Amino acid sequence: MARRTAAPAGRSPLFPFYVILGIVAVAGAGVLLYQVLGRGGAAALEPVPVMMNPEDLARVQGISIGQPNAPVEIFEFADFQCPGCAQFATFVAPLVKERYVDAGIVRYVYYDFPLTSIHPHAFLASRAGRCANEQDRFWDYHDLLYGRQPRWASVRNASDIFIDYAGEIGLNRGAFQECLNSDRYALEVTQNLRLGESLGVQGTPTLFINGKRLPAVPSFRELEGIIQQELGTSPAAGAVAPGAVPDQTGRETPGIP
204 MARRTAAPAG RSPLFPFYVI LGIVAVAGAG VLLYQVLGRG GAAALEPVPV
254 MMNPEDLARV QGISIGQPNA PVEIFEFADF QCPGCAQFAT FVAPLVKERY
304 VDAGIVRYVY YDFPLTSIHP HAFLASRAGR CANEQDRFWD YHDLLYGRQP
354 RWASVRNASD IFIDYAGEIG LNRGAFQECL NSDRYALEVT QNLRLGESLG
404 VQGTPTLFIN GKRLPAVPSF RELEGIIQQE LGTSPAAGAV APGAVPDQTG
454 RETPGIP
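Residue 303 in the numbering used here sits at position 100 of the sequence shown, and the numbers go up by one each step.
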């Protein structure tokens, strides 16, 4: 049986707490540094070529940002309730968008992959993101969902919170609520999930770069190294290398009725 032991004379009974707090702070700083700097470059993450059927891609609506003819295309399969996805969205993705998407080098496509067996609000969150996309604010809503993840992930019913978030970023609240209640994007989210499964996605986040799957979640340094490798070997605009992802799908590919 565990017993509370008396603190040594002259030492505050809170001393162990402060020690643990210090360890957690150092560990947190280490995780942040690792997310940004990584394991030492692209060699630690050798991409695995994956055959992607253009017809399958054309049936599924991914939400993209960047130039349609960018030489590097990144697909992310993610779950809004996944803590690892929130870390990636906070520490890595913004740097990619700032340095490569805005420069016309990378086209970034987000696909929903809700892990409903462990994340009960993930499917609803995916639908909410697409309702925000109706009003051209997907990426703002995306950032808010990940930034507030600890607040909504543990509640019993997240629907009202998601509607409040829509109003917070200036969306038409009534239109958003009607969209979320209509269940109109359930099929699209399911198609995203099925596409990911067909490509071997087993967890989130999973990234593909020009048709090659990354075997682990990259830090920014690792991802930057792989982008640079692709820039050195990318085909000319309009050409598609064997196994690469064609880039003609546009901002949001048309879905199946």
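C-beta atoms are modelled at their ideal positions from N, C-alpha and C, and glycine is treated no differently. Here the structure is a predicted model, which means the values were calculated and not measured.
Beta-carbon separation (whole angstroms), residue i vs residue j, contact threshold 8 Å
| i | j | result |
| --- | --- | --- |
| L383 | A331 | 6 Å |
| P250 | L374 | Not a contact, Cβ separation roughly 37 Å. |
| W355 | H322 | Not quite, the Cβ-Cβ distance comes to about 11 Å (not below 8 Å), so this is no contact. |
| A335 | Q284 | That pair is no contact at about 16 Å. |
| Y275 | L426 | Position check: residue 275 holds Val in this sequence, whereas Tyr was assumed. Not really, about 10 Å apart at Cβ, beyond 8 Å. |
| I364 | Y311 | Contact doesn't hold; Cβ gap of about 26 Å is too wide. |
| R340 | I372 | 6 Å |
| Y349 | A292 | 4 Å |
| F148 | V295 | Since the displayed the chain opens at 204 and closes at 460, residue 148 lies outside it and no answer follows. |
Simplified DSSP state of residue i, which is helix, strand or coil
| i | result |
| --- | --- |
| P353 | helix |
| A378 | helix |
| A261 | helix |
| F283 | coil |
| D315 | strand |
| E276 | strand |
| R310 | strand |
| R416 | strand |
| N384 | helix |
| S320 | coil |
| P252 | strand |
| I372 | coil |
| Q338 | coil |
| P297 | helix |
| D305 | coil |
Opposing strand residues paired with residue i [DSSP bridges]
| i | result |
| --- | --- |
| T409 | F280 |
| P421 | None, per the DSSP bridge assignment. |
Review point. Is it a yes or a no for the region 262 to 269 touching the region 298 to 314, going by three-plus beta-carbon pairs under 8 Å?
Key: yes
Review point. Is there contact between the region 395 to 413 and the region 257 to 264, where contact requires at least three CB pairs shorter than 8 Å?
Key: yes
Practice item. Count the C-beta pairs between the region 385 to 396 and the region 308 to 321 that are closer than 8 Å, then say yes if the count reaches three, no if not. Key: yes
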